[in-house]
Every structure is written in C-alpha cells, then in structure tokens.
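Asks:
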Amino acid sequence: MGLTRIPGLLFGGDYNPEQWPEEVWAEDARLMAEAGVNMATVAVFSWSRLEPERGVYDFGWLDRVIDLLHEHGIAADLATATATPPPWLVREHPEMLPVNADGVRLEFGSRQGYCPSSPVYREHAVRMATAMAERYGDHPALAMWHIGNEYADHTLECFCPESAAHFRRWLEERYATVGGLNAAWGTSCWGQHYTSFGQVEPPRTAPGPVNPAQVLDWRRFCSDALLELFLAEKAALRAITPDVPVTTNFMSILHGLDYWKWAAAEDLVSDDAYPDPADPTSHVQVALSYDLMRSLRQGPWLLLESAPSAVSWREVNVPKPPGMMRLHSLQALAHGSDGVMFFQWRQAKYGPEKFHSAMLPHGGTRTRGWRDTLALGADLRRLSEVAGSDTRAQVALVLDWPSWWALEAPESMPSNRLRLKELLLAWYAPLHARGIAVDLVPPGRDLSPYELVIAPNLYMCTAEQAKALEAYQGRLVVGPFSGVVDESDQVHEGGAPGPLGDLLGIAVEEFWPLADGDVQRTGLGEARTWAEWIRLEGAEPVALFEGGDLDGLPAVTRKGAATYIGCLLDDVTPVLEPLLDGIDRIDVPQGVEAVRRGGHLFLLNHTTAPQPVTLPHPGTDLLTGAELRGGIELAPRDAVVLRIEGDK
Ligand code: GAL
Ligand code: ZN
289 MGLTRIPGLL FGGDYNPEQW PEEVWAEDAR LMAEAGVNMA TVAVFSWSRL EPERGVYDFG
349 WLDRVIDLLH EHGIAADLAT ATATPPPWLV REHPEMLPVN ADGVRLEFGS RQGYCPSSPV
409 YREHAVRMAT AMAERYGDHP ALAMWHIGNE YADHTLECFC PESAAHFRRW LEERYATVGG
469 LNAAWGTSCW GQHYTSFGQV EPPRTAPGPV NPAQVLDWRR FCSDALLELF LAEKAALRAI
529 TPDVPVTTNF MSILHGLDYW KWAAAEDLVS DDAYPDPADP TSHVQVALSY DLMRSLRQGP
589 WLLLESAPSA VSWREVNVPK PPGMMRLHSL QALAHGSDGV MFFQWRQAKY GPEKFHSAML
649 PHGGTRTRGW RDTLALGADL RRLSEVAGSD TRAQVALVLD WPSWWALEAP ESMPSNRLRL
709 KELLLAWYAP LHARGIAVDL VPPGRDLSPY ELVIAPNLYM CTAEQAKALE AYQGRLVVGP
769 FSGVVDESDQ VHEGGAPGPL GDLLGIAVEE FWPLADGDVQ RTGLGEARTW AEWIRLEGAE
829 PVALFEGGDL DGLPAVTRKG AATYIGCLLD DVTPVLEPLL DGIDRIDVPQ GVEAVRRGGH
889 LFLLNHTTAP QPVTLPHPGT DLLTGAELRG GIELAPRDAV VLRIEGDK
C-alpha cells in the first residue's frame with residue numbers, strides 16, 4: 289500500500305487557483321493532465337477566501353476547483369486552510385497575533401500570523417478543519433490532508449501573556465511543584481529562586497544571558513505547543529474522515545521542532561526541500577535530510593515541496609541549471625520519497641513569491657521550465673515501480689533535538705562554533721560519498737539492526753540513553769563534547785562524558801576549544817575548533833595530539849568496540865575507514881551519488897563532467913529501457929535508475 293490510494297509515484301505541486309481568474313483554471317487542469325500531474329496541494333492559504341466573514345462560507349469556488357481536478361484525474365492534497373487566519377478574525381482578536389521576544393506584537397500582512405497558544409486561533413482552526421472535512425470528506429479527489437503549512441516557518445514562538453500562561457501550565461505538568469522547577473533550572477544561580485509558577489515567564493529579552501535551562505524548556509514547549517495545534521486539527525479530521533492520511537509538510541532538518549515527536553503524530557511524513565543551486569555541497573546536505581525523513585517513520589515519505597528552479601527568499605536566488613531539477617527530483621526518490629511535488633504549479637503574478645519558479649513559468653508552455661515539467665512527468669511514469677520500496681541501512685547517525693537545543697544555546701557554552709548540522713554532515717558526507725546507506729535514529733532506540741552507530745555529538749545524554757548505547761554490541765563512535773549534561777542541562781557528576789564514562793573508558797578533564805583559525809595536529813590528521821584534555825580510564829589511545837598544549841595526550845581513544853573522538857578532525861576518514869569492514873558500499877567517482885532503494889540502484893551524477901561508473905550489478909535502466917552491465921558513462925547531471933537483475 290502506498291502513502292495514498294494513488295498508484296505509482298505522486299507528481300504535482302501547490303496550486304493556488306484563487307490567485308487566478310476562473311478562465312485560467314481550465315487551462316491549468318488541461319496542462320496538469322498533459323504533464324501527468326496526479327496530485328495538487330490546494331487551499332493552503334485559502335481561509336480568507338473560504339470564510340470571508342465570520343460564519344459566512346464560500347466553498348463554491350473550491351468545489352469547482354476540486355471537481356475540475358478530479359475530472360482530469362488529479363487528486364487533492366487538501367489543506368485545512370489554517371496557515372493564515374483571515375483579517376476579520378485577527379481584527380476581532382488582535383491578541384491572537386504573535387509577540388516577539390522584545391514584546392513587539394507582529395502585524396497582519398504576511399502569513400502564519402497567529403500565537404501558537406491562542407485559544408481563539410485554535411478554536412477557529414479546528415472549526416475550519418471540521419468545515420473542510422464535512423465539505424470534502426467524501427469527495428473522490430481527496431487523497432490526503434495537509435494540516436497547516438510548515439509549522440514554525442515564520443512563527444515558532446510567541447512571548448505574549450497567553451503563551452506565558454501556556455508555558456506555565458506546561459511547566460507545572462513537567463515539574464508538579466515549583467521546587468521541582470527550581471531544582472531543574474538551577475535557580476540558585478544568579479538569584480532566580482521562584483516561589484510560585486505564576487512568577488515564571490518565557491525567556492524574553494533580558495539584561496544578560498537567560499538561564500539556559502529555562503531556554504531549553506522553552507524550546508521543548510514551543511515544539512509541543514505547535515504540535516498541540518496540529519493534533520487538535522488532526523482530531524477534528526479523524527472524527528469525520530478516519531481513513532484519510534494526515535500530514536504536515538516538514539522543513540528538512542529544522543532546529544525548532546522535534547520531528548521524532550511530530551512524525552509519530554502523522555500518518556505520513558512529508559518534506560519541503562530547497563537545496564541551494566549555488567552551493568556545490570547542497571546535494572549532500574539534502575541527502576542527509578531525506579534520510580532523516582525516511583528514518584522518521586522508517587519507510588517511504590513524500591517530497592511535498594521543492595523548487596523547479598529558483599526560489600525567492602535567498603539574498604541571491606540562483607536558478608537550477610539544465611538537468612539539476614530532474615537530478616534533484618530523482619535524488620529524493622532514491623532516498624525514499626514516493627513522489628515529487630513542487631512549489632508551485634503556476635508562477636505567481638503578484639505577492640512575495642512572484643519570482644519563485646514554478647512548474648508552469650510566467651512565459652507559459654514555450655519555456656524550458658515547462659519542457660522540464662513535461663519531461664519529469666514522463667520520467668516519473670517510467671519509475672513508478674519504485675514506489676513503496678524501502679532501504680536497509682547498516683549505519684546510523686544519532687540525532688536528538690533536546691540535545692541540539694541545549695548545545696546551541698546562546699551565550700553560555702565553551703564555544704559557539706559547535707553546530708549540530710555541521711557535526712552530522714562531517715560524518716554523513718564521507719558515508720554518502722561511499723554509497724553507504726545511513727539511517728538517523730533518536731538516542732535510546734534499540735540499535736541492534738546496525739553494524740555501525742555514530743553519535744557525532746550527544747552533549748545531552750541521560751542515564752537511560754547511555755544504557756541503550758551500552759546495550760549495543762556493534763561498532764560505536766562518539767564525537768566530542770558528549771555526555772556532558774542531563775535533561776536539565778546540568779553537568780553530570782564528575783564531568784564529561786558522564787554516563788558514557790564506563791562505555792568509553794575515558795574522562796574529559798577540560799574542554800579545549802580552539803580559537804578561530806587555530807590548528808591542532810593529531811596522529812590522525814588536523815583538528816580545528818575543538819579539542820579536549822582527556823584522561824584514559826580503561827580505553828587505549830588510537831591517536832595522540834601532536835604539538836601545542838595538548839601534546840602527547842589522547843585525541844582519539846578506543847575501548848572494545850567504542851571509539852571516542854576528543855576533537856573535531858578536519859576529515860574523519862582515518863577514523864571511519866577502518867570501521868567500515870563488511871558494510872555495503874558502492875564505489876563511484878567523486879560527485880556521483882549511489883543509492884540503493886529496494887531492488888533498484890540510483891546513480892546520480894552531480895558533476896558537470898561525464899563520469900565513468902562500474903555497475904555493481906547488471907540491470908535495466910528504467911529511464912531509458914537500456915540493459916546495462918559492466919562499465920558505463922554517466923553524462924553530466926544525468927542519472928541511471930537500475931532495476932537490479934534477479935533482485936526483488
Ligand atoms: C515554503 C512554503 C511555500 C512557499 C515555498 C517557497 O516554505 O511552504 O508556501 O512559500 O516555501 O519556496
Ligand atoms: Zn502568544
């Protein structure tokens with residue numbers, strides 16, 4: 289069974305017919321059908337057109353749109369229309385607009401203009417979701433529900449009194465007593481002892497650094513508060529359409545929301561991905577986020593938004609050169625997406641996104657953009673057998689949101705240079721270059737399916753999470769500055785690596801962050817940014833620091849199957865390579881990506897030169913129908929999707 293009841297791969301994009309006169313809709317539907325579009329995302333920002341005045345609904349136009357799509361064989365990824373509350377509601381209840389950390393209330397006139405904790409917004413959003421489900425729940429075009437839109441894109445947090453009250457309720461539930469909160473937040477520091485929950489406020493702009501434990505709970509709360517909104521709408525939809533799958537579009541590896549928690553609340557994971565065409569490493573970054581999407585619910589997911597060419601929100605919006613849109617689309621499929629969807633169908637005439645590319649550009653059907661849309665539609669039909677298949681990874685990277693939040697807390701860390709995404713990429717990139725499949729896992733998960741588990745950084749590590757790592761029998765790598773604090777950002781007794789001490793056989797005596805530009809040599813290459821003064825407690829040194837203040841001290845250690853790295857190596861390959869014995873890899877030239885998905889092998893040439901590849905298996909290229917074996921040459925930005933012979 290696929291993600292929806294639609295067979296094969298999904299293809300289409302956001303469709304905003306309310307931005308166009310009705311005469312245009314017929315052409316839209318005709319051209320969508322011509323391109324092979326089988327799903328359109330509709331009504332994402334339509335609330336003010338569907339309910340122009342309180343209680344006065346105007347569903348007629350959307351009825352006609354959805355009927356028209358249906359007549360052309362196009363299903364609807366139907367939004368609940370709640371991503372922008374309408375002006376009448378905002379003017380009736382100005383208190384529902386979000387307030388920033390400086391206490392400034394943000395105006396209407398953009399989108400996501402709501403306080404996540406506003407009971408008014410929630411009540412009306414649930415009412416709107418209910419109205420949509422009642423209206424369209426039985427419509428044969430309805431394939432899936434799209435709740436909200438990119439939660440936390442513009443509004444992750446709100447500092448208004450309503451949000452403050454919500455935060456206090458959340459804290460009371462977590463700590464029960466104010467004594468519990470004082471202990472967890474360490475309020476004896478800087479004289480912050482509270483005597484009632486009523487005295488606690490969100491971490492608004494303060495004279496100096498705000499208590500990091502308070503900020504950490506605020507991050508947890510903000511993710512949970514938005515999730516409550518999602519769940520409230522989901523419950524309303526479920527009551528009326530129990531069988532229609534529900535999603536909300538994620539934003540790749542987003543700092544603000546704990547996607548492990550969020551994905552568990554969804555029926556299917558969907559993602560919006562906008563790799564920067566100007567960044568030559570963007571295909572590696574986006575591969576990492578696609579692998580996260582695949583890992584979130586351990587199976588296929590859906591690329592719900594991507595850009596056909598340029599976006600409109602960077603400083604400089606570089607277009608995708610010929611071939612890149614197709615290549616990036618195939619890349620999403622390789623990493624488990626069951627379709628390719630875009631923002632958006634028809635390029636806008638007005639508004640902040642009028643220069644954002646679309647499947648049907650301003651110039652219409654005579655453009656290269658349109659030809660690319662048609663060609664991709666044809667490719668996706670050739671690839672439909674890929675839908676539904678999964679990837680088996682032998683390597684996992686550990687990713688935890690609370691640890692990330694605590695690590696990147698401003699103003700109180702030994703160094704602000706440790707950025708989790710970069711730390712993940714430092715390991716992911718060389719694995720990716722070797723065609724090795726990688727899962728992401730939350731700490732605490734059973735790790736027995738993997739041969740190699742890498743925790744690039746686990747600044748926060750609880751005793752329970754440490755137990756899961758101890759129970760793991762395979763090869764383990766733990767990166768620097770791990771096992772430092774507990775779930776309240778309090779340093780473990782005896783210091784780092786806290787509960788990981790026995791497993792790793794070391795103690796970190798002192799963190800040794802390196803000044804910008806400083807290099808520390810080690811027996812396994814140069815390190816920058818970070819080093820540590822390590823004492824061996826059962827581990828053996830694998831490499832020592834060479835020169836400088838740490839000369840002769842251990843830089844990389846091993847105890848049993850557990851490796852610890854007490855610095856940030858420029859290149860982790862010397863540590864990684866010996867740990868890859870027996871792990872499936874596919875040897876390809878640099879810049880060529882090789883990904884197994886089910887019985888298929890994707891080979892993607894991200895370079896602008898032809899690349900020779902030796903096929904590990906013979907098979908049929910689904911894109912061309914050619915039977916391939918042995919050595920082939922991949923043209924610049926070209927791809928092969930091989931159905932592997934004898935594989936099912
Ligand atoms: C996404 C958003 C879309 C559109 C797109 C443009 O963040 O969900 O509505 O704005 O970006 O790239
Ligand atoms: Zn608020």
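According to this note's numbering, the sequence shown holds residues 289 to 936 in order. Ideal Cβ positions, reconstructed from N, Cα and C, are used throughout, including at glycine. Keep in mind it's a predicted model, so treat the numbers as computed, not measured.
1) Using beta-carbon positions only, say whether Trp550 and Asp505 come within less than 9 Å of one another.
2) Kindly indicate which residue of Asp559, Val498, Ala453 has the alpha-carbon position closest to the one of Phe509.
3) Whose C-beta lies closer than 8 Å to the C-beta of Leu590 among residues of the same chain, with five residues either side of it excluded?
4) With H, G and I counted as helix, E and B as strand and the rest as coil, what does DSSP make of Arg443?
5) Whole-angstrom Cβ separation of Met416 and Ala369, contact assumed at under 8 Å?
6) Would you report the Cα separation of Leu910 and Thr661, rounded to the nearest angstrom?
7) By the 10 Å Cβ neighbour count, where 16 or more other Cβ atoms means buried, how is His481 classified, buried or exposed?
8) CB of His644 to nearest heavy atom of the ligand GAL: below 8 Å?
9) By how many angstroms is the C-alpha of Trp658 removed from the C-alpha of Tyr547?
10) To the nearest angstrom, report how far apart Lys637 and Arg582 are at their CA atoms.
11) Given this structure, state the Cα-to-Cα distance separating Arg925 from Gly611, to the nearest angstrom.
12) In chain order, what residues place their C-beta within less than 7 Å of a heavy atom belonging to the ligand ZN?
13) Can you tell me whether Tyr950 is buried or exposed, with buried defined as 16 or more other CB within 10 angstroms of its CB?
14) Out of Leu519, Leu891, Pro563, which has the shortest C-alpha to C-alpha gap to Ile435?
15) Cα separation between Asp667 and Asp365?
16) Under a three-way DSSP split, which group does His481 fall into?
17) I need the straight-line Cα distance from Phe631 to Pro596, nearest angstrom please.
18) Less than 8 Å separating the Cβ of Trp633 from some heavy atom of the ligand GAL?
19) Using 9 Å as the threshold, is the C-beta distance between Tyr738 and Val772 below it?
20) From Glu828 to Gln586, what does the alpha carbon distance come to, in whole angstroms?
21) Would you mind giving the Cβ-Cβ distance between Ala756 and Leu740, rounded to the nearest angstrom? I have them listed as a contact below 8 Å.
22) Tell me whether Leu595, by its Cβ, gets closer than 8 Å to a heavy atom of the ligand GAL.
23) Taking 8 Å as the line, does the beta carbon of Met629 fall inside it for any heavy atom of the ligand GAL?
24) Check whether the Cβ of Met539 lies closer than 8 Å to any heavy atom of the ligand GAL, and answer yes or no.
25) Using only CA atoms, which one of Leu856, Leu930, Ser336 lies nearest to Ala882?
26) Residues in the same chain with beta-carbon distance under 7 Å from Leu856, minus the five sequence neighbours each way, listed in chain order, please.
27) Should Asn437 be counted as a contact of the ligand GAL given a C-beta to heavy atom distance under 8 Å?
28) For Gly919 and Thr902, I'd like the C-alpha separation in whole angstroms.
29) In whole angstroms, what separates the C-alpha of Ala620 from that of Ser594?
30) If you measure from the CB of Val557, is any heavy atom of the ligand GAL nearer than 8 Å?
31) Taking Thr372 and Trp349 to be in contact with their CB atoms under 8 Å, please state how far apart those CB atoms are, rounded to whole angstroms.
32) By the 10 Å Cβ neighbour count, where 16 or more other Cβ atoms means buried, how is Phe643 classified, buried or exposed?
33) DSSP on Asn470, reduced to helix/strand/coil?
Replies: To lay it out plainly:
1) With respect to Asp505, Trp550 sits apart: the two C-beta atoms are not nearer than 9 Å.
2) Ala453
3) Leu291, Leu298, Thr535, Leu556, Val557, Ser558, Asp559, Ser625, Asp626, Gly627, Met629
4) In the sequence on display, residue 443 carries Thr and not Arg. It is coil, neither helix nor strand.
5) 6 Å
6) 18 Å
7) exposed
8) Yes; taking the cut-off as 8 Å, the Cβ of His644 has a heavy atom of the ligand GAL nearer than that.
9) 34 Å
10) 35 Å
11) 6 Å
12) Pro386, Val387, Cys403, Pro404, Ser405, Ser406, Cys446, Phe447, Cys448, Glu450, Ser451
13) This structure cannot speak to residue 950, because the chain is shown only from 289 to 936.
14) Per the C-alpha coordinates, the member of Leu519, Leu891, Pro563 positioned closest to Ile435 is Leu519.
15) 22 Å
16) coil
17) The alpha-carbon atoms of Phe631 and Pro596 are separated by roughly 8 Å.
18) no
19) no
20) 36 Å
21) The Cβ separation is near 16 Å, so there is no contact.
22) Sequence check: residue 595 is Ala here, not Leu. Ala595 Cβ: within cutoff of the ligand GAL.
23) Met629 Cβ: outside cutoff for every heavy atom of the ligand GAL.
24) yes
25) Leu930
26) Pro768, Ala815, Arg816, Thr817, Trp818
27) yes
28) 4 Å
29) 10 Å
30) no
31) About 17 Å; that fails the 8 Å criterion.
32) exposed
33) Residue state, collapsed to three classes: helix.
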